[in-house]
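Undergrad: This structure is in structure tokens; I'll ask about it shortly.
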Amino acid sequence: MYSQDSIFGRRRDRPEPTAEMLSGLACLICGTDYRNAPDPGAVVVSRRDDGQLLACHGTCARMATGSVDGLDETPLPLDERIRRHRADGF
Numbered sequence: 017m018y019s020q021d022s023i024f025g026r027r028r029d030r031p032e033p034t035a036e037m038l039s040g041l042a043c044l045i046c047g048t049d050y051r052n053a054p055d056p057g058a059v060v061v062s063r064r065d066d067g068q069l070l071a072c073h074g075t076c077a078r079m080a081t082g083s084v085d086g087l088d089e090t091p092l093p094l095d096e097r098i099r100r101h102r103a104d105g106f
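In our numbering, the protein residues as written are 17 to 106.
Here you go:
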């Protein structure tokens, strides 16, 4: 298990989210690209503007929200996230 100090340290050292992360196409913590992952098990960890920020279920979600399950919200389907990402001009 991670200590609170290591979790907060990881958050401080993390670079700004990429366009893919903001569109819900990549994990907010580790950067796993959900378009290429066989079974990503992504969970919603935050909302930004009109989109969902996602992280991998487990350690990444815990580092983002403190809960391995993220928020109690179902992620949008991958094809919808891809469509929105393209519509935003990324």
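The beta-carbon is built from N, C-alpha and C at its ideal position, and this holds for glycine as well. The structure displayed is predicted, hence computed values, not measured ones.
Please go through the stretch 26-84 and give each complete beta strand (DSSP E) segment of 3 or more residues, from N-terminal end onward.
TA: Counting whole runs of 3 or more residues, the stretch 26-84 contains the beta strand (DSSP E) stretches 58-64, 67-72.
Undergrad: Here's a check: name, in chain order, each residue in its chain whose Cβ is nearer than 6 Å to the Cβ of A42, leaving out the five neighbours to either side.
TA: Around A42: E36, D49.
Undergrad: Nearest by alpha-carbon distance to L94: which of G74, P33, G57, G82 is it?
TA: Comparing Cα-Cα distances from L94 to each of G74, P33, G57, G82, the minimum goes to G57.
Undergrad: Run through DSSP, which three-state label would E89 get?
TA: It is coil, neither helix nor strand.
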